[in-house]
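Structure record follows, encoded as structure tokens.
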Amino acid sequence: MATVNPALDELGTTEPLAVAEPRLLHRALVSLWHDPVALISLLVVVALALVAILAPYFSPYNPNHIFLNGLSADGAPIHPDGTFLLGTDPNGRDVLSRLIYGDRVSLLVGVVATGLASVIGVIVGAIAGYVGGIVESILMRLTDVVLSFPILLFCIALITVTGPSTRNVVLVIAFGYWTYLARIVRSLVLSLKEREFVTAARTLGVGHVKILRRHILPHLVPTIIVYSTLGIATSILIEASLSYLGIGVPVPEASWGQMISQGQQYFQIAPWLLIAPGIALIITVLAFNLAGDWLTDLLDPVTTEIGR
Amino acid sequence: MNKEPAVTAPGKGTAATYAGAGRDHFAPIVDVRDLEVHFRSRRALRAVQTVKAVDGVSFTIAAGETLGLAGESGSGKSTIARTLVRINRPTAGSVTVAGEDTTRMRRDDLRRYRRRMQMVYQDPYDSLDPRMTVLEAIGEGLSVRGVTRASHRRDTERLLDRVKLPASLVSRYPHQLSGGQRQRVSIARALAVSPEVIICDEAVAALDVSIRAQVLNVLKDIQDDLKVSYLFISHDLSTLRFIADRVAIMYAGRLVEYGTSSQVFGDSRHPYTKALIAAVPTIGGRGGGPRIGLSGEPPDPARLPSGCAFHPRCPLAQDICRADRPALRQKQGGQMAACHMAPDAPAGEASV
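Residue numbers (the working numbering), protein chains in the order written: chain G, 10 to 317; chain L, 678 to 1029.
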């Protein structure tokens, strides 16, 4: 009884090793192979990003240039032809060029607004979940107040106060969207902080800030990525809605919402004015949403992070 | 078979440390007195309930000694562990570690104190951060002790050697390790801050029997080398019998028997202890004497029975057991037990 089995003692590795999980990249490639919809949506997202970044190279003309030959003799927009691939708008500007620069605006607003919203949401959610008590109550009631407004209505109300500009559109969307992440992050942190490795770090004497940074935040990353991808789609839609209503990105800068709004008036004589930005918007939002769904399945934040 | 603590580890102090009355001359490293940990449950539309998870528990642990703590689930074992490392706050009583009262410590004092008392957790799959390598996990403890980053690798390899793991594991992630290996990494992480006391809360319960033996031997070797004390919590009496110098048996938040390993296991006085020992399955049918059936469930800690909390399940219960709660008193045989039916030791006999 005194020494159970000295022979066993020498071998630190008598147990079989757990099989290593396949690498994330490998899993991603395999799932893309089996899911063509996800593959296409991911390619579309990459293409949209490239077009946005390299807009001056893709765009045939300056999007704000008014062509002297941009309108027909009776003052109507020109049909798509060899010179203007997607026709011209009622001001005699090239629609394709405006579409490409509109992509830049949409993605810029979507990415920056969502990034800002994620930072605010993660900070608020993490502090509320980790600290608890009265701090949590205050932060989460604040979140509930913002959440209780429909997000578009909330943004419209804010933008009428701040005045329309690209910067304000970004700020307003971020201010409406952070609440979603704050709620999700809080509930994740609530369960993470009860995990034994967090308790172990505490009893080791590791400080709270370090615990949050080293043991909590890394576990939130998959969730943040997934919800940010979905957030980009939402933000792009909100931006388009605001621009459609004339309180988004100010003219003459090209944006899809504004193009749709203008195209609506000329739908009878120049349907491409409505169809081109409409399809662009649908494809973009759909691609980000589908890519987000694929990421959710891949990273599976809820089941891998909460249930281990 | 079951060793006398005084002779196991040469150099662990004089025999007097373990020989009953002599203990009082040595300051114990951990001195828990009348510890109470109560939880209040507040639910809407219901009266506030107070659950006395730990209700007046006292014990000491000497330097280099192992105190075993046993009892059924819900008896308060883990609450004691979590209170000692200050995850839970004590409601009343005192916890003195190396002469310092830790009960009212805050912030900086508390962080300094935490280094002296470490814990190894039950679940080896949850107690290591899945996103940290062995080096990072153990390095976290080293950083707390003030070891510079440059020495982390060397010190981590030393600690791995102490828990008999190969140095090549430093860059592994927990999911690449087996349960026994993870538990050793947890032990190495605890050792990284050079604690004086390590609490093992069911630390080997989740391991296979053969792996369990390896880990227990590692713990014993560490104790022989570093003179750390263990508070070893387990519901498995055979594990305690192997590792513990002294044993405390808990029932419903209180100690019911407390003495040296040989006193408690060889000559138990409390009917609950006897029932626990009888319930240990044995190979070949050589059971530990006549079976004392332990029927019924452990009591609801929010509504404890009157008198002795064990009386509804006790085969010896008399009227006095239903009326009066027995105190923990010295019994014939030398150990302390809380039972009206066990005869007290004659006055003047050596205490535990």
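Just so you know, even glycine gets a beta-carbon here, dropped at the ideal spot from N, CA and C.
- In the DSSP assignment, no residue is bridged to G:T171.
- Shown in chain order are the members of the region 203-226 of chain G whose Cβ falls below 9 Å from a Cβ of chain L: R204, E205, F206, V207, T208, A209, A210, R211, T212, L213, G214, V215, G216, K219, R223, H224.
- The distance from the Cβ of G:V114 to that of G:S264 is about 5 Å, consistent with a contact at the 8 Å cut-off.
- For G:H74, there is no enclosing beta strand (DSSP E), as DSSP marks it with neither H nor E.
- Taking C-beta separations shorter than 7 Å and ignoring five residues to either side along the sequence, the partners of L:K754 in its chain run L746, G748, I910, M927, following chain order.
- Judged by DSSP in its simplified three-state form, G:S200 adopts helix.
- Listed along chain G is no residue with a C-beta nearer than 7 Å to that of L:M1013; the closest approach is about 25 Å.
- Apart from the 5 residues on each side of it in sequence, L:R859 sits with its Cβ closer than 8 Å to the Cβ of P801, Y802, S804, L805, P851 in its chain, given in chain order.
- Assigned with DSSP and collapsed to three states, L:L932 falls in strand.
- If you look at L:R717, you'll find it in the beta strand (DSSP E) that goes 707-718.
- Put simply, the region 171-186 of chain G touches the region 244-253 of chain G. At least three CB pairs are less than 8 Å apart.
- With a threshold of 16 other beta carbon atoms within 10 Å, L:K951 meets it and is buried.
- The closest CA to that of G:D112, considering only G:V60, G:W303, G:L41, is found on G:V60.
- For L:Q795, the C-beta contacts it makes with chain G under 8 Å involve T212, L213, in order along the chain.
- For the pair G:P280 and G:G101, the Cα-to-Cα distance works out to about 15 Å.
- For G:H35, the closest Cβ of chain L is not nearer than 8 Å.
- Between the alpha carbons of G:L308 and G:P231 lies a distance of about 6 Å.
- In the DSSP annotation of this structure, the continuous segment of the beta strand (DSSP E) that includes L:Y907 starts and ends at 906-910.
- By the criterion of a C-beta distance shorter than 6 Å, G:V121 is surrounded in its chain by V179, once the five residues flanking it on both sides are discounted.
- The bridge partners DSSP lists for L:L746 are L:I910, L:A925.
- For the region 128-198 of chain G, the full-length alpha helix (DSSP H) segments reaching 4 residues or more read 142-156, 160-171 along the chain.
- Residue pairing for L:A769: DSSP places it in a beta bridge opposite L:E713.
- Here L:V881 is near L:L893, since their CB atoms are less than 8 Å apart.
- Within the region 67-82 of chain G, no residue places its CB atom closer than 9 Å to a CB of chain L.
- Counting C-beta atoms within 10 angstroms of its own C-beta, L:T760 has 16 or more neighbours from the protein chains shown and is therefore classed as buried.
- If you ignore the 5 residues before and after L:V870, its C-beta comes within less than 7 Å of the C-beta of R792, Q795, G818, V821, R822, all in its own chain and listed in chain order.
- As DSSP reads the structure, L:D1021 sits in a beta bridge with L:K1008.
- Any Cβ of chain G closer than 8 Å to the Cβ of L:S755 would place that residue at the interface, and such an atom is absent.
- Within the model, the alpha-carbon separation for G:V258 versus L:V725 is close to 57 Å.
- Taking C-alpha positions only, L:D778 is separated from L:D708 by approximately 9 Å.
- Annotation for L:L868: L836 place their beta carbon closer than 6 Å to its own, counting only its chain and skipping 5 residues before and after.
- Identification of residues in the region 903-935 of chain L having a C-beta nearer than 7 Å to some C-beta of chain G yields F919, given in sequence order.
- In the three-state DSSP reduction, L:V725 falls in the coil class, being neither helix nor strand.
- Only those residues of the region 748-776 of chain L whose C-beta falls short of 8 Å from the nearest C-beta of chain G are listed: V762, R763, I764.
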